[in-house]
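Each remark here refers to the structure printed beneath this line.
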Amino acid sequence: MTSVLLFLDIDGTLIPFGGPGPHPVYGTSPHPLLPRLDPALGPRLRALGAELVWATTWLDDANDLLSPWLGLPALPVVRWPDGDDEGDEGADEPHGVGLHWKTRPLVEWAAGRPFVWVDDEISGADRAWVADRHPGPALLYRVDHRLGLVDADLAAVGEWIGRQGEAQCPGDPVA
């Protein structure tokens, strides 16, 4: 059975930005943003049953700073193409306009596997591009940057991941 990949953005997704009132604080850290990140989120992400992958500009800092804070092991990290390559390909393709710079690299990383991409910058153009070019199931899930990943988001992502497992493990044949 192929496990579902769960691509995780950090800024505005795991660490909320904006929103009404002050953000909750979870401990202290020399890094000014880390206390906004609820350590209880780590076990909840693991419980989703997907293969977690950092899909963030934090790169290796995600493993150095966030993984220990969340109680996660070191996770794979998506390496982004050089800035010179951004926007060059796809200008003449349908859905090329407005495509997030992460979209193509994440589809390449997934290599046909089912995946969820959780980010606060996903658009309809990204969803359409992935639907046209990714042969497996994919959920591009946009999080409200003001709140970050909340219970309802985790429930929706978990439900989608669960459906993928059901599709790969058919039940007993009917007698």
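With the numbering used here, you'll find the sequence shown wraps up at 382, consecutive numbering, no jumps.
Every residue gets a Cβ at the ideal spot worked out from N, C-alpha and C, and that includes glycine.
Where residue i sits in the DSSP three-state scheme
| i | result |
| --- | --- |
| Ala-318 | coil |
| Leu-361 | helix |
| Leu-354 | coil |
| Trp-336 | helix |
| Glu-293 | Low local confidence applies: a pLDDT of 44 at Glu-293 is under 50, so the model's placement there is unreliable, with the coordinate-based value given in what follows. Looking at Glu-293 - three-state DSSP - the assignment turns out to be coil, as it is neither helix nor strand. |
| Ile-222 | strand |
| Arg-311 | helix |
| Asp-299 | Because the pLDDT at Asp-299 is just 38, under 50, the model does not fix this residue reliably, and the value given afterwards should be weighed accordingly. Correct three-state label for Asp-299: coil. |
| Leu-279 | coil |
| Leu-255 | coil |
| Gly-369 | helix |
| Leu-241 | helix |
| Ser-274 | helix |
With 16 other Cβ atoms within 10 Å as the buried cut-off, status of residue i
| i | result |
| --- | --- |
| Pro-280 | exposed |
| Ala-317 | buried |
| Val-314 | buried |
| Asp-358 | exposed |
| Asp-339 | exposed |
| Trp-261 | buried |
| Leu-346 | buried |
| Thr-310 | buried |
| Ala-155 | The requested residue 155 is not part of the displayed model; the chain covers only 208 to 382. |
One or two residues paired with residue i in a DSSP bridge
| i | result |
| --- | --- |
| Phe-202 | A query on residue 202 cannot be resolved here, the shown segment of the chain reaching from 208 to 382 and no further. |
| Ala-269 | In the DSSP output, where bridge partners are listed per residue, Ala-269 has none listed. |
| Tyr-348 | Val-325 |
| Val-284 | Trp-261 |
Minimum Cβ-Cβ distance from residue i to chain B less than 8 Å
| i | result |
| --- | --- |
| Pro-231 | Protein chain content of the structure displayed is limited to a single chain, and chain B is not contained in it. |
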